[in-house]
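*Asks:* Can you read through this structure? Questions will come right after.
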Ligand SMILES: Nc1ncnc2c1ncn2[C@@H]1O[C@H](COP(=O)(O)OP(=O)(O)OP(=O)(O)O)[C@@H](O)[C@H]1O
Ligand SMILES: [Mg+2]
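Chains as they are written, first to last, in the numbering used here: chain U, 96 to 274; chain F, -3 to 638.
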């Protein structure tokens, strides 16, 4: 067990996409309770630095495993598929066209200050993502089909980004409403 | 590595004595110092019985410095040498300061931050704040009967790296050992949470004299977890005063004012504001230097109107924090009100309207931050009361990143990341034979570097010439538990590492601090030397005790030869502690630290393993199965909860 131990081992969780979030949270708090720098305020410089490194690592691990997209990327990374490193993969045209349509709809709603339309888009995207995560779970945990899982995860990276943009657009509209 | 953790419950050696530790709320308007006595947090009063220390510093003609009420009396008659609200200048350049033109000071642009020219010379906000902290420290030492082990100093949650670094420097300059910089709303949450045994999601709305913070926390037994924070480090009661000030100028059609007149009107503006909290209207009477008298009446309605958008700005911050925490208003169980400015009825009303529930006002809004800080200080130094123990998880308020091509920012650590946090990213060269790379560290949310705050610039030199794109430069960001950032860079392909660690450019170097410390002590050298020796002796003693305790507990992690070497190092250090040669003492400490390095690693390992112990393979498998069954349907929701 050192700073390079993988996050599943660190939190003693099975290396699966279907994750017990409450177990993660409990393990996280337990370990943080041992290594957090607040426990080492009276210690010497080196011990304090070590505590900070451990606490940072535990925080990073929790964040990585908590979010489904990050968790999927991490599982693939452990299986030898580093999606961050191969950023410029070409996506198939049908998916790209679908992406463009989503984006256009979002932009239109945004420019038209159409809160309702944005919410609808958000909801649709939400449904779409939920289905894709279910499929991804099967690919990763049941079939262990890494190439197919990597492919699906790449798509999810696009879609999650889109979701963030719609979130931001919704937030911007809400903020305008306050003055 | 619990090696040096003296407070560890099972390392109970001698029944340890109570360590003198305090919490200091270094406020824009008021400073408070508090401590825990017999299990109770209490604010320490001055000799006259005042709990508050006005955060006002005056440089007197006789070369002395006065702080607090005495200084406050001189605000209008000696405005250039009497500094108020210095917190607003911490880590700030002149252009960052709001309404700089209406302030009576002679500002001087200085390295990293603005300075003020006074009759005692040019003073940095760090030095001025240190004067306040020195008084707080003296008050604490008088009450507690001796030197402090350390202090928790509070900062607004929304303070950026430069402001935090400046605060820490000020504390060190005041001779305080900073146990931790603690976010003000978090401190308030600790005080509130412990007092009321609160559990669930809470918001802390803190509107003080100069700053606004909103934090969303999850309180559970033994855990205080900040989910998101937001605010404005330049929005507070001062701005409400400023609005009244402008209103007075307008109503009375005043020409440009002298610093004395301006300060006087500002003081009257504040009085009127506070009066309006309990009355429908406030008279404002001012006699100017030219004998002209101004008589005006400000009613509550007008006041609410001219400050409406200040209140709206705070709610904007509340919304953003809730969004960042991925929560809705309805999820919030209670809103804890902190800071003197939350007394204003329009603020109470706005918060109540927004959350659709009455805010929680059952704590003294002036004291709660200091009390929470004292409680945390008490925990950090290991004075446990009744088995009380908790874990505090806080976040950074603003994203940290690097400048990339085209003046764009690349975020390495996002806002609201739990600290400590670390993140490394690789960059490469873009020209053939490029041997240096400029690294520009920024903080903020905007896309363009120009819109973010520049924290530090440095250059990594000595990269061996390679074709473009071949070098692998790994930049590492590390944020510690005080929310302070350290950055280092290293070229990966060559075995030789070129690495540099920077402190953000607003921070003072240790040498500068040492220099200032020396300057500030009148009988300089001797005192400083003696103090340094004493500090080293205390530190050495602590090291010896901790190592011995660790040996007693975990000797099984070492072989005989290792134990012998450590014991020899302890013996050597024990001799040096009795002597008066600081240099030899420090070297002996280094030696002991060196000998225990591997031991510390093994102990850390053991701690982590212990935390994970008691889990059998079956258990892990059971978790897996459960995950399989239960999560299959929940997956639908979870995908979106990310
Ligand atoms: N009765 C009142 N009505 C309105 N405002 C008040 C009242 N009492 C105090 N204030 C204001 O509260 C502010 C000071 O609050 P507080 O002491 O909490 O600030 P601080 O901790 O010094 O500042 P900060 O936390 O921003 O650094 C001042 O602006 C003061 O005018
Ligand atoms: Mg305050």
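Beta carbons are placed, not taken as given, at the ideal position from N, Cα and C, and that holds for glycine.
(1) So, using beta-carbon positions, are residue 332/F and residue 185/F closer together than 9 Å?
(2) Quick check: is any heavy atom of ligand 1 less than 8 Å from the C-beta of residue 249/F?
(3) What residues from chain F crowd round residue 145/U, counting only those whose CB sits closer than 9 Å?
(4) Starting from residue 200/F, follow the beta strand (DSSP E) in both directions and report where the run begins and ends.
(5) Count the other CB atoms within 10 Å of the CB of residue 36/F; is the residue buried (16 or more) or exposed (fewer)?
(6) Just to check, is the beta-carbon of residue 46/F closer than 8 Å to a non-hydrogen atom of ligand 1?
(7) Put residue 93/F into one of helix, strand or coil per three-state DSSP.
(8) Can you check whether the CB of residue 473/F is closer than 9 Å to the CB of residue 417/F?
(9) If we call anything under 9 Å between Cβ atoms a contact, is residue 239/F one with residue 71/F?
(10) Among the residues of its own chain, which have a CB less than 6 Å from the CB of residue 616/F, if the five just before and after it don't count?
(11) Counting only beta-carbon separations shorter than 9 Å, does residue 539/F have a partner in chain U?
(12) Does residue 141/F come within less than 9 Å of chain U when only Cβ atoms are used?
(13) With a cut-off of 8 Å, do at least 3 Cβ pairs link the segment 432 to 450 of chain F to the segment 101 to 120 of chain U?
(14) Report yes if the C-beta of residue 163/F is less than 8 Å from at least one heavy atom of ligand 2; otherwise report no.
(15) Identify each residue in the segment 366 to 387 of chain F for which the Cβ-Cβ distance to at least one residue of chain U is less than 7 Å, and report them in chain order.
(16) How would you list, in chain order, the residues of chain F whose beta-carbon sits under 8 Å from the beta-carbon of residue 155/U?
(17) Quick one: does residue 603/F have its CB under 9 Å from some CB of chain U?
(18) Decide if residue 68/U is buried, meaning its Cβ has at least 16 other Cβ atoms within 10 Å, or exposed.
(19) Could you check the C-alpha separation between residue 210/U and residue 199/U for me, to the nearest Å?
(20) Mind pulling the alpha helix (DSSP H) runs of 4 or more residues that sit fully within the segment 307 to 388 of chain F?
(21) Any idea what DSSP makes of residue 33/F, helix, strand or coil?
(22) With distances taken from CA atoms, which of 308/F, 280/F, 289/F, 286/F is nearest residue 295/F?
(23) Classify residue 126/F as helix, strand or coil using the three-state DSSP reduction.
(24) Please compile the residues from chain U whose C-beta is within a distance smaller than 7 Å of the C-beta of residue 414/F.
(25) What residues in its chain sit with their C-beta under 6 Å from that of residue 155/F, if we drop five residues either side in the sequence?
(26) Could you give the distance in angstroms between the alpha-carbon of residue 122/F and the alpha-carbon of residue 115/F?
(27) Would you tell me roughly how many angstroms separate the C-alpha atoms of residue 145/U and residue 396/F, rounded to the nearest one?
(28) Have a look at residue 327/F and residue 319/F and give me their C-alpha separation to the nearest angstrom.
(29) In or out: residue 237/U buried (at least 16 other Cβ within 10 Å) or exposed?
(30) Does the beta-carbon of residue 180/F, which I'm using as the reference point, lie nearer than 8 Å to any heavy atom of ligand 1?
(31) Can you pull the chain U residues whose beta carbon is under 7 Å from the beta carbon of residue 219/F, in chain order?
(32) Using C-beta distances below 7 Å, list every residue in its chain close to residue 177/F, excluding the 5 sequence neighbours before and after it, in chain order.
(33) Against residue 352/F, what residues of chain U qualify as contacts under a CB-to-CB distance less than 7 Å, listed in chain order?
(34) By alpha-carbon positions, which one of 394/F, 169/F, 464/F, 406/F ends up nearest to residue 481/F?
(35) Using a Cβ-Cβ distance under 9 Å, would residue 201/U count as near chain F?
*Replies:* In this structure, then:
(1) If you check the CB distance, residue 332/F and residue 185/F come in under 9 Å.
(2) Not under cutoff, so the answer is no.
(3) Neighbours of residue 145/U in chain F, taken as residues whose beta carbon is under 9 Å from its own, are -3, 596, 597, 600 in chain order.
(4) Its beta strand (DSSP E) spans residues 196 to 203.
(5) Around the C-beta of residue 36/F, fewer than 16 other C-beta atoms lie within 10 Å, and the residue is accordingly described as exposed.
(6) No - ligand 1 has no heavy atom lying nearer than 8 Å to the Cβ of residue 46/F.
(7) Three-state result, residue 93/F: coil.
(8) Yes, the Cβ-Cβ distance between residue 417/F and residue 473/F is below 9 Å.
(9) Residue 239/F is not a Cβ neighbour of residue 71/F, given a cutoff of 9 Å.
(10) Note that residue 616/F scores 43 on pLDDT, short of 50, meaning its location in the model is unreliable and no value can be drawn from it.
(11) Yes, residue 539/F counts as interfacial toward chain U.
(12) Not one chain U Cβ lies under 9 Å of residue 141/F.
(13) No contact exists between the segment 432 to 450 of chain F and the segment 101 to 120 of chain U.
(14) Answer for residue 163/F: no, Cβ out of range of ligand 2.
(15) For the segment 366 to 387 of chain F, residues whose beta-carbon sits nearer than 7 Å to a beta-carbon of chain U comprise 376, 377, 378, 387.
(16) Under a criterion of Cβ atoms nearer than 8 Å, the residues of chain F adjacent to residue 155/U are, in order, 417, 418, 419.
(17) Cβ-Cβ to chain U under 9 Å: yes for residue 603/F.
(18) Only positions 96 to 274 of chain U appear in this structure, which leaves residue 68/U out of reach.
(19) If you take the alpha carbons of residue 210/U and residue 199/U, they lie about 15 Å apart.
(20) Here the runs fully enclosed are 341 to 351, 364 to 376.
(21) In the structure shown, the three-state DSSP call for residue 33/F is strand.
(22) When 308/F, 280/F, 289/F, 286/F are compared, the shortest CA-CA separation from residue 295/F is found for 280/F.
(23) Residue state, collapsed to three classes: helix.
(24) Those within 7 Å of residue 414/F in chain U are 154.
(25) Cβ neighbours of residue 155/F beyond the five flanking positions: 229.
(26) C-alpha separation (whole angstroms): 17 Å.
(27) The straight-line gap from Cα to Cα measures roughly 22 Å.
(28) Taking the straight line from one Cα to the other gives about 12 Å.
(29) Around the beta carbon of residue 237/U, a 10 Å sphere encloses fewer than 16 other beta carbons of the protein chains shown; the residue is thus reported as exposed.
(30) Yes.
(31) Those are 124, listed as they occur along chain U.
(32) Counting only Cβ-Cβ distances below 7 Å, and skipping sequence neighbours, we find 149, 151, 160, 163, 164, 478, 479.
(33) Residues of chain U passing the Cβ test: none, with the nearest at roughly 16 Å.
(34) Closest option to residue 481/F, Cα to Cα, is 394/F.
(35) With 9 Å as the cut-off, residue 201/U does not count as an interface residue toward chain F.
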